[in-house]
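Working notes, structure below.
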Amino acid sequence: MVTTESIIHVRNMVKKFGGFVANDNLNFDVYRGEIFGFLGANGAGKTTAMKILCGLSLPTSGEIKVAGFDVYKETNLIKRNIGYMSQRFSLYEDLSVYENIRFYGGIYGLSRKLIRERADFLLETLNLSDIRNKLIKDLPLGWRQKLAFSVAIFHKPGIVFLDEPTGGVDPITRRQFWEMIYQAAADGITVFVTTHYMDEAEYCNRVSIMVDGKIRALDTPEGLKKQFAAATMNEVFLKLARNNQSV
Amino acid sequence: MEKNAVIAENLSKSFKKVNAVKSVSFGIGKGELFGFIGPDGAGKSTLFRMLVTLLLPDEGKASISGLDVVSDFRKVRNILGYMPGKFSLYQDLTVEQNLNFYATIFGTTVKENYHLIKDIYVQIEPFKNRLAGNLSGGMKQKLALSCALIHKPEVLVLDEPTTGVDAVSRKEFWEMLGRLKHEGITILVSTPYMDEAILCDRVALIQDGSILRIDKPDEITKSFGKPVFAVKSDRTHDLILDLKSFRGVEAANLFGNQVHVVMNNSDVDAGQITTFLKEKGQTSLDVREIEAGIEDCFIDLMINKS
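Protein chains in written order, with this note's numbering: chain A, 1 to 247; chain B, 248 to 553.
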């Protein structure tokens, strides 16, 4: 359920590295329960912004709140109330399926009993009960990504940040992954996702597109296609980013 | 036989428990732009590493311009350009130093083959004194391609050059490959992006270490053989479930804001699907028959193989 309650609140966000302005006065809200697509060309400043929102990097200036907490003073509370999953690293390869779940549950301070209960439910839902003691490195990539997502929301965070979660994943698993994202959103988790697959941009409630450190467009996929007179999100993206190519 | 720039016969490679490449065979013509399309873990990189003489096959054989990749590996390396998936240039050398280094190793000069890399290199030349490690992703990719080309290889092997690259840069990269093809260079490129298949002369769809299909992209899509409909409504999520309950529906998959429906027979038309969905309470419907795309074909091959 998309609400009108702002769970990520960004006003005049600026991040400079020396003379280079990576985030140039960003303003946006993400609403509770929303699937928010955060798009942009390589080097547009997405990762910089995401690090700030996850409490991993301080902005140069601006007023930013995530899950109600201040990104300057309450980074620990932010970290406790969000989930994060990246394409490259998400699970420990030399730990088993269950050990990974227990590890992440423990980090977020869940009790042993709660970890056990939720893990049983999770493994059953994912059809992984039989291989709970298998090492992650022996699992196919598609399974790993689905498990990584489940682990990222295991502590039932208010928001989950997904950084290119489906890169390189086969077309069937990619779609199953999005069904899981829909389910998480239906359960009230706000999803903040980056992707290079433009068809996936269509699955988001709203999409922002960053170009050279600025948010150049923000609307529903339908709204953006109308605004840029484009048939697909791919066209929208090419129109916006093409004229602003920095090498 | 002689017309083929690259030949593989029953190539296989296993790592402990994993059969990464399972008896793969193909022939790639001289000057062809040939794509290996498949997800991570399909065996693309292992296959490429055998072709570029960095990995010994367990079984089978392969040749580049008639030279065996095992017994003639030194000669093969001279006529090959390889860009691995992971950036592997010297991070602590500058852009220019890297390029000179690769030219020197292959006994040539940057000047001699500059025409080949000009289009690509001019874009990073303003940064020629910057350390390679300090380049952005897009610039690294352009430098890596320049270094792989500087000795004028007969065959260029590019392992996932567009993975993690945004839609704009991907488009530009493929335009560059098109120009290199006109120079007569045979190009092997792997990608997990299904939409890049149509930019190749021929493609091999690869999954779980096996090739599912080799053909021209439009031949693959034309021979799909089953009717496909693109369906839109204002409730996409229920739409898939509703469609799956329609008679004769073999698959219903999300493609952006549409659902692609594959029928197992051709006696259904768009009107009948519309009527059925209206009865299910779907509104703002748009149903039209379309030609299958590469991703439709790939999904179909994956399902019918397992």
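For glycine and all other residues, C-beta sits at the position ideal for the given N, C-alpha and C. Quick caveat: nothing in here was measured; it's all calculated off a predicted structure.
Under 8 Å Cβ-Cβ, which residues of chain A neighbour serine 272 (chain B)? Translated into positions along the second sequence, residue 272 (chain B) becomes position 25. For a Cβ distance threshold of 8 Å, nothing in chain A lies close to serine 272 (chain B): the least Cβ distance comes to about 22 Å.
Out of curiosity, what's the CA-to-CA distance linking valine 436 (chain B) and valine 402 (chain B)? In the second sequence, counting from the first residue as 1, residue 436 (chain B) sits at position 189. In the second sequence, counting from the first residue as 1, residue 402 (chain B) sits at position 155. Between valine 436 (chain B) and valine 402 (chain B), the C-alpha separation is close to 11 Å.
In whole angstroms, what is the alpha-carbon distance linking isoleucine 8 (chain A) and leucine 218 (chain A)? Locating residue 8 (chain A) in the first sequence gives position 8, where the first residue counts as 1. Locating residue 218 (chain A) in the first sequence gives position 218, where the first residue counts as 1. Taking the straight line joining both Cα atoms gives about 15 Å.
Evaluate the contact criterion for the stretch 494 to 513 of chain B versus the stretch 411 to 431 of chain B: three or more CB pairs, one atom per stretch, below 8 Å. Put simply, the stretch 494 to 513 of chain B does not touch the stretch 411 to 431 of chain B. Fewer than three CB pairs are less than 8 Å apart.
Through-space distance from lysine 214 (chain A) to alanine 49 (chain A), alpha-carbon basis: The residue labelled residue 49 (chain A) in the question sits at position 49 within the first sequence. The residue labelled residue 214 (chain A) in the question sits at position 214 within the first sequence. Using only the alpha carbons, I get a separation of about 11 Å.
Using the three-state DSSP reduction, which class does lysine 308 (chain B) fall into: helix, strand or coil? Taking the second sequence and counting its residues from 1, the one referred to as residue 308 (chain B) is at position 61. Residue state, collapsed to three classes: strand.
For aspartate 120 (chain A), report the span of its beta strand (DSSP E) as first-last. Looking up residue 120 (chain A) in the first sequence gives position 120. Aspartate 120 (chain A): not part of any beta strand (DSSP E); member of the alpha helix (DSSP H) spanning 112 to 125, first to last residue.
Across the stretch 317 to 329 of chain B and the stretch 364 to 379 of chain B, are there enough close Cβ pairs to call them in contact, namely three or more that are closer than 8 Å? Remark: fewer than three beta-carbon pairs, one from each stretch, lie closer than 8 Å, so the stretch 317 to 329 of chain B and the stretch 364 to 379 of chain B are not flagged as touching.
Just curious, the beta strand (DSSP E) that tyrosine 182 (chain A) is in, first and last residue? Taking the first sequence and counting its residues from 1, the one referred to as residue 182 (chain A) is at position 182. That residue, tyrosine 182 (chain A), is in no beta strand (DSSP E); its alpha helix (DSSP H) goes 171 to 186.
Rounded to whole angstroms, how far is the Cβ of glycine 105 (chain A) from the Cβ of phenylalanine 177 (chain A), which I believe are closer than 8 Å? The residue you call residue 105 (chain A) lines up with position 105 of the first sequence. The residue you call residue 177 (chain A) lines up with position 177 of the first sequence. Not confirmed; about 22 Å, so no contact.
Within 10 angstroms of its Cβ, does asparagine 12 (chain A) collect 16 or more other Cβ (buried), or is it exposed? Here residue 12 (chain A) refers to the residue found at position 12 of the first sequence. Using a 10 angstroms sphere on the CB of asparagine 12 (chain A), the tally of other CB atoms stays under 16, which defines it as exposed.
In chain order, what residues of the same chain lie with their CB nearer than 6 Å to the CB of glycine 167 (chain A), ignoring the 5 residues before and after it? Within the first sequence, numbered from 1, the residue matching residue 167 (chain A) stands at position 167. In chain order, Gln87 place their CB closer than 6 Å to the CB of glycine 167 (chain A), counting only its own chain and leaving out the 5 sequence neighbours on each side.
With distance defined between alpha-carbon atoms, name the residue in B:Gly276, B:His429, B:Arg324 and B:Ala414 nearest to valine 211 (chain A). For the purposes of this step, residue 211 (chain A) is taken as residue 211 along the first sequence, with counting starting at 1. That would be B:Ala414, whose Cα lies nearest to the Cα of valine 211 (chain A).
If we define contact as Cβ-Cβ less than 7 Å, is serine 383 (chain B) a contact residue for chain A? As a working note, residue 383 (chain B) is residue 136 in the second sequence. By this cut-off, serine 383 (chain B) is an interface position.
When you compare only the Cα positions, how much space is there between isoleucine 458 (chain B) and serine 261 (chain B)? Taking the first residue of the second sequence as position 1, residue 458 (chain B) is located at position 211. Taking the first residue of the second sequence as position 1, residue 261 (chain B) is located at position 14. Going by the C-alpha atoms only, they are around 16 Å apart.
Cβ pair valine 2 (chain A), asparagine 205 (chain A) closer than 7 Å: Sequence index remark: in the first sequence, residue 2 (chain A) carries index 2 (1-based). Sequence index remark: in the first sequence, residue 205 (chain A) carries index 205 (1-based). Between valine 2 (chain A) and asparagine 205 (chain A), the C-beta spacing is below 7 Å.
Is leucine 390 (chain B) helix, strand or coil by DSSP? Along the second sequence, one-based indexing puts residue 390 (chain B) at 143. Secondary structure at leucine 390 (chain B): helix, using DSSP grouped into helix, strand and coil.
Give the interface partners of valine 508 (chain B) over in chain A, defined as CB-CB distance under 7 Å, in chain order. Numbered from its first residue, the second sequence carries residue 508 (chain B) at position 261. None at all; the shortest Cβ gap to chain A is about 14 Å.
Mind listing the chain B neighbours of arginine 216 (chain A)? Cutoff is C-beta to C-beta under 8 Å, in chain order. Numbered from its first residue, the first sequence carries residue 216 (chain A) at position 216. Here the premise fails: no neighbours, minimum Cβ distance about 13 Å.
Can you tell me whether leucine 122 (chain A) is buried or exposed? The criterion is at least 16 other CB atoms within 10 Å of its CB, across all chains shown. Numbered from its first residue, the first sequence carries residue 122 (chain A) at position 122. In the assembly as shown, leucine 122 (chain A) is a buried residue. Its beta-carbon has 16 or more other beta-carbons within 10 Å.
Using a 10 Å radius around the Cβ and a threshold of 16 neighbouring Cβ atoms, would you call asparagine 27 (chain A) buried or exposed? Locating residue 27 (chain A) in the first sequence gives position 27, where the first residue counts as 1. Residue environment: asparagine 27 (chain A) is assigned as exposed (fewer than 16 neighbouring CB atoms within 10 Å of its CB, all protein chains considered).
Does glycine 380 (chain B) have its Cβ less than 7 Å from a Cβ in chain A? Sequence index remark: in the second sequence, residue 380 (chain B) carries index 133 (1-based). Not closer than 7 Å to any Cβ of chain A, the Cβ of glycine 380 (chain B) fails to qualify, so no.
Taking Cβ to Cβ, would you say methionine 330 (chain B) is nearer than 7 Å to alanine 379 (chain B)? Residue numbering aside, residue 330 (chain B) sits at position 83 when the second sequence is read from its first letter. Residue numbering aside, residue 379 (chain B) sits at position 132 when the second sequence is read from its first letter. Not closer than 7 Å, so no.
Figure out for me which residue from A:Asn234, A:Ile159, A:Lys225 and A:Lys226 has the closest Cα to the Cα of threonine 195 (chain A). Sequence index remark: in the first sequence, residue 195 (chain A) carries index 195 (1-based). For the residues A:Asn234, A:Ile159, A:Lys225 and A:Lys226, the minimum Cα distance to threonine 195 (chain A) belongs to A:Asn234.
Applying the criterion that 16 or more other CB atoms from any shown protein chain within 10 Å of the CB defines a buried residue, is aspartate 543 (chain B) buried or exposed? By one-based count along the second sequence, residue 543 (chain B) stands at place 296. Aspartate 543 (chain B) is buried by the Cβ-count criterion.
Please determine, among A:Asn42, A:Ser90 and A:Phe36, the residue with the shortest C-alpha to C-alpha distance to alanine 264 (chain A). No answer is possible for residue 264 (chain A): it lies beyond the span of chain A, which begins at 1 and ends at 247.
Near lysine 239 (chain A), which residues of its chain fall below 6 Å by C-beta distance, leaving aside the five closest residues on each side in sequence? Taking the first sequence and counting its residues from 1, the one referred to as residue 239 (chain A) is at position 239. These residues qualify, in order along the chain: Phe228.
Below 6 Å, is the gap between the Cβ of methionine 85 (chain A) and the nearest heavy atom of the ligand NAP? In the structure on display, the ligand NAP does not appear, and there are no ligands present to speak of.
Under 7 Å between C-beta atoms, does alanine 309 (chain B) make it to chain A? Walking along the second sequence from the start, residue 309 (chain B) turns up at place 62. No, because no Cβ of chain A sits closer than 7 Å to the Cβ of alanine 309 (chain B).
Check this for me: beta carbons of asparagine 81 (chain A) and proline 171 (chain A), under 7 Å apart or not? For the purposes of this step, residue 81 (chain A) is taken as residue 81 along the first sequence, with counting starting at 1. For the purposes of this step, residue 171 (chain A) is taken as residue 171 along the first sequence, with counting starting at 1. It is not a contact, given that the beta carbons lie outside the stated cut-off.
How many Å lie between asparagine 345 (chain B) and arginine 535 (chain B) at the Cα? Here the question's residue 345 (chain B) lines up with position 98 in the second sequence. Here the question's residue 535 (chain B) lines up with position 288 in the second sequence. Between asparagine 345 (chain B) and arginine 535 (chain B), the C-alpha separation is close to 53 Å.
Would you kindly check if the distance between the Cβ of glutamine 454 (chain B) and the Cβ of glycine 285 (chain B) is under 7 Å? For the purposes of this step, residue 285 (chain B) is identified with residue 38 of the second sequence, where counting begins at 1. For the purposes of this step, residue 454 (chain B) is identified with residue 207 of the second sequence, where counting begins at 1. Taking 7 Å as the Cβ cut-off, glycine 285 (chain B) and glutamine 454 (chain B) qualify as a contacting pair.
Whole-angstrom C-beta distance between valine 450 (chain B) and proline 464 (chain B), which should lie under 8 Å: For the purposes of this step, residue 464 (chain B) is identified with residue 217 of the second sequence, where counting begins at 1. For the purposes of this step, residue 450 (chain B) is identified with residue 203 of the second sequence, where counting begins at 1. The Cβ separation is near 6 Å, so the contact holds.
At which residues does the alpha helix (DSSP H) containing isoleucine 467 (chain B) begin and terminate? One-based indexing of the second sequence puts residue 467 (chain B) at position 220. Segment 464 to 469, the alpha helix (DSSP H) holding isoleucine 467 (chain B).
Identify, in the order they occur along the chain, each residue of the same chain with its Cβ nearer than 7 Å to the Cβ of aspartate 315 (chain B), setting aside the five sequence neighbours on each side. Your numbering for residue 315 (chain B) matches position 68 in the second sequence. Exclusion of the five residues before and after aspartate 315 (chain B) leaves Lys308 as the residues of its chain whose Cβ lies within less than 7 Å of its Cβ.
Buried or exposed for asparagine 100 (chain A), please, with buried defined as at least 16 other CB atoms from any protein chain shown within 10 angstroms of its CB. Here the question's residue 100 (chain A) lines up with position 100 in the first sequence. With 16 or more other Cβ atoms within 10 Å, it is buried.
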